[in-house]
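Chemist: The structure follows.
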Amino acid sequence: MDDFADLKQFIERTLGMQCSNYKEDYIRRRLLSRMRSTGNETFKDYHQYLLANPPELENLRNALTINVTEFFRDNEVYECMRKDILPLLFRQRKQLRIWCAGCSSGEEPYSLAMILSDLILQNPGMTARIIATDIDKNVLAKAKDGIYTKKAMVKLSEAQVRRHFNGLPDGNFQVKPSLKEMIRFQPHDLMSGVPVSRWLDVIICRNVTIYFTEKQKDALAKMFHGALVSGGFYIMGKTEYLGRTSESMFAPYESLQKIFKKKD
Ligand SMILES: C[S@@+](CC[C@H](N)C(=O)[O-])C[C@H]1O[C@@H](n2cnc3c(N)ncnc32)[C@H](O)[C@@H]1O
C-alpha cells in the first residue's frame, strides 16, 4: 500500500470518515494544506506526525469538513421558500418536517426557522420542526449555542435581530429559545446511507455534495428520495448538480435555485 492510501486508511479508522466516498483530489488537497501548516513534506511524515500529536487530528477533521456558511446564503433560494414552497406546503398540511443536512454552525437552519416563524405568525395553528445535522460535532456545538458575532449577522434586518436574538455583554448575539425550540440539532453522517428521519416535506442539503464522488451523490439522492413524502422537495446548493441516475427520481421545480420535487 502506498503512503497516501496508508494515511487514508488511518484517517478512516481514527476519524471515522469514509475517504473513499470523497473525491480523491479533494482529500489530497486538504491533506497537503495540513502538511504545509505542520511542516511535513510527505504523507508518511504527516502520518507519523498525527500519531505523535493527537491534537492535530481535530485540525485535520476541520480541514476535511470545510464549514463555510452564512445567514441567508444565496438569498433567492430563501425567497423562493418564503413566497412559494413553504406556503404551498402549509396549504396541504398543518405541520411541516424539514431536514437541514450539513447544517454547519447553524446559520442555515436558523435562517429557515426565522422564515417559518413569520409564516406561522400569519397562520396560527401551523407548526414546523427542523432537524439540523452535521458530521462535525464541533460546528454542531456552535450551532446549538447559537452565538454569533455582529459581523456574521450583517444580512439580518434589525427587526429579525430584535425578534430572534438576545444581545450579550461581549457584543455578540444569541438566538432566543423561542427560535431554537423549532430545531433539533444532532450528529449524522450523510454517508451512512440511513436518513435521520422519514416523512419529510423538505430536505435542504446545500454545499455539501461538492466534495462527494458521483457514486456517493447518487446514493445520497436515493436516500433523500426515500425519506421525503410524496411531492416533497430536495434543495441543493447553487453550484451542485443532480447525478444522471438521480434525474429519474426528482423533477426540476425551480432550476436556477436547484430546487427539485420528488417524483413518485
Ligand atoms: C460548506 S458547509 C455548508 C453549510 C450550509 N449547508 C451552507 O450551505 O451554508 C458543508 C458542511 O457539510 C458537512 N459535511 C461534510 N461531509 C458530511 C457528511 N458526510 N455528513 C454530514 N455532513 C457533512 C461539513 O461538516 C460542513 O459543515
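Heads up: the sequence shown begins at 736 in our numbering, then just goes up one per residue. Using N, Cα and C, we set each Cβ at its ideal position, and we do this for glycine too.
Would you list the residues sitting across from Met971 in a DSSP beta bridge?
Modeler: The partner list for Met971 (beta bridge, DSSP) reads Cys940.
Chemist: May I ask you to verify whether the stretch 749 to 763 touches the stretch 932 to 948, counting CB pairs closer than 8 Å and requiring at least 3?
Modeler: Because the criterion of three Cβ pairs below 8 Å is met, the stretch 749 to 763 and the stretch 932 to 948 touch.
Chemist: Comparing alpha-carbon positions, which option in Glu982, Gly978, Lys973 and Ala986 lies nearest Glu811?
Modeler: Looking at the Cα atoms, Lys973 is the closest of the given residues.
Chemist: Please classify Arg941 as buried or exposed, where buried requires at least 16 neighbouring CB atoms within 10 angstroms.
Modeler: With 16 or more other Cβ atoms within 10 Å, it is buried.
Chemist: On the three-state DSSP scale, how would you describe Tyr976?
Modeler: Here Tyr976 sits in coil by DSSP.
Chemist: Is Pro972 near ligand 1 - that is, is its Cβ less than 7 Å away from at least one heavy atom of it?
Modeler: It is Gly, not Pro, that sits at residue 972 in the sequence shown. The answer is yes for Gly972.
Chemist: Have a look at Leu903 and Ala887 and give me their C-alpha separation to the nearest angstrom.
Modeler: Cα to Cα, Leu903 sits roughly 15 Å from Ala887.
Chemist: Any idea what DSSP makes of Val889, helix, strand or coil?
Modeler: Coil at Val889, not helix or strand.
Chemist: Ordered along the chain, which non-local residues of its own chain (more than five positions away) have a Cβ less than 6 Å from that of Thr944?
Modeler: Closer than 6 Å at Cβ, skipping near neighbours: Lys952 and Glu975.
Chemist: Which same chain residues, not among the five before or five after Ser965, have their C-beta less than 6 Å away from its C-beta?
Modeler: If we look at Ser965 and ignore the five residues flanking it on each side, its Cβ neighbours are Asp999.
Chemist: I'd like the span of the alpha helix (DSSP H) that includes Val812, first residue to last.
Modeler: From DSSP, the alpha helix (DSSP H) with Val812 extends over Asn810 to Cys815.
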